[in-house]
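What follows is a short report on a single structure.
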Amino acid sequence: MFGKKKPTPQIDKDQLELIENAQKRIKQKKRLYVHFVVFLIGAIFLIVANTVLGIGENVTFFGKEWFLYAILLWLFFFLYHLFNVFITHKFMGKAWEKQQLEKLVSKQKQRIEELKSSFVKEEKIIAKSEVYNESKNETKKSKLTIIVAAAENNAIGKGNQLIWHLSDDLKRFKNLTNEHHIIMGRKTFESFPKPLPNRTHVVITRQANYKVPDGVIVVNSLEDAIDASKNDSQPFIIGGGEIYKQALTIVDKIELTRVHESFEADTFFPSIDTSIWKETANTFHAKDDNHAFEFSFITYQKK
Ligand SMILES: NC(=O)c1ccc[n+]([C@@H]2O[C@H](COP(=O)([O-])OP(=O)(O)OC[C@H]3O[C@@H](n4cnc5c(N)ncnc54)[C@H](OP(=O)(O)O)[C@@H]3O)[C@@H](O)[C@H]2O)c1
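Throughout the sequence shown, residue numbering follows the UniProt record's numbering, covering 1 to 303 in sequence.
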């Protein structure tokens, strides 16, 4: 356990083989070069021995001096050496190239397999996160919104009726809620002469057999009303006092028409806590022939 750690080589087997081959090749060429130099010196020595020193002066073969045959023989051995180095014992010949190519191909194949498996893993992770995001978006798809008209003293109704008639406010209500679910308490529903066109009415009551016209949805709790509107991108809570009170803590947005007067009433909107709600839009509307009171359209978003 505490013994000396075996040093791990810094270069791999193939690199080592290449280095060894290169070293052998250098040695081979060095030897060939030495052979060549010795051959040249030897040849000169043979010539000098015969012509200057007179060694074997009278020895001839087929009319030529013996040293010529000796030099030719040596030249033959040198050429054979040369042939060996550059042709016969060439390390990096065709077979070597083929072997290296095979090694390279098998390494590339291995790398491709590794990449493939890492791609599969990444794909799974991406698919999982997409599914997660989609399910997150689905649950957060609906923007539950309160729409209300309230006086300066938060009065919203009296005797199960609205206290004022402001035509631009009604237009705004119609525009915003058009084609959406409108969630309301039973009393507010009963304050309408008939269901409003182009909207899906969701009426909350504790009564078991509450009778409504075709197309109107009846539920027994606010949670069930929200559930019944879950496919709507923006269901609206349209009142009255009891339902507003219960819904204020769970909605995402408030579309308020603030009527700049105080009224005697029996139904009120809860006060808006500005530490929770941020005003994001405010449009003032003055009195005129169609509007007996000043009012402002104010949008609040949950902080
Ligand atoms: N200014 C405005 O923007 C505005 C908007 C809407 C309404 N209003 C006014 O508000 C007044 C009506 O409001 P409101 O507070 O008297 O009545 P509401 O909120 O419209 O309805 C109350 C009824 O809803 C049902 N309900 C309430 N909470 C419930 C729960 N948790 N589970 C099951 N059912 C539940 C009960 O019906 P059951 O008794 O059948 O069980 C309850 O009596 C009217 O004057 C109307 O004109 C004003």
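We put the CB at the ideal spot given by N, CA and C, even for glycine.
- Restricting attention to Pro270, Ala70, Ala265 and Asp273, the CA atom closest to the CA of Gly159 is found in Ala265.
- For Trp277, the pairing in a beta bridge is given by DSSP as Lys302.
- In terms of CA proximity to Thr145, Glu255 leads the group Gln23, Phe67, Glu255 and Phe269.
- Shown here, Ser191 sits in coil according to DSSP, grouped into three states, outside any helix or strand.
- Taking every protein chain shown into account, the CB of Val38 has fewer than 16 other CB atoms within 10 angstroms, so this residue is exposed.
- If you check the CB distance, Ser233 and Ser167 do not come in under 9 Å.
- Close CB contacts of Asp169 within its chain, under the 7 Å cut and outside five residues either way in sequence, are with Ala149, Thr257 and Phe295 (chain order).
- Exclusion of the five residues before and after Gln99 leaves no residue of its chain whose Cβ lies closer than 8 Å to its Cβ.
- Relative to the Cα of Phe86, the nearest Cα in the group Glu114, Leu40 and Lys30 belongs to Lys30.
- In this structure, DSSP gives Leu196 a state outside helix and strand, which the three-state scheme calls coil.
- The distance from the Cβ of Val212 to that of Val203 is about 6 Å, consistent with a contact at the 8 Å cut-off.
- As DSSP reads the structure, Val219 sits in a beta bridge with Ile204.
- Between the alpha carbons of Phe67 and Gln28 lies a distance of about 28 Å.
- In its chain, beyond the 5 residues on either side, Asp252 have a beta carbon closer than 6 Å to the beta carbon of Lys302.
- Gly241: not part of any beta strand (DSSP E); member of the alpha helix (DSSP H) spanning Gly241 to Ala247, first to last residue.
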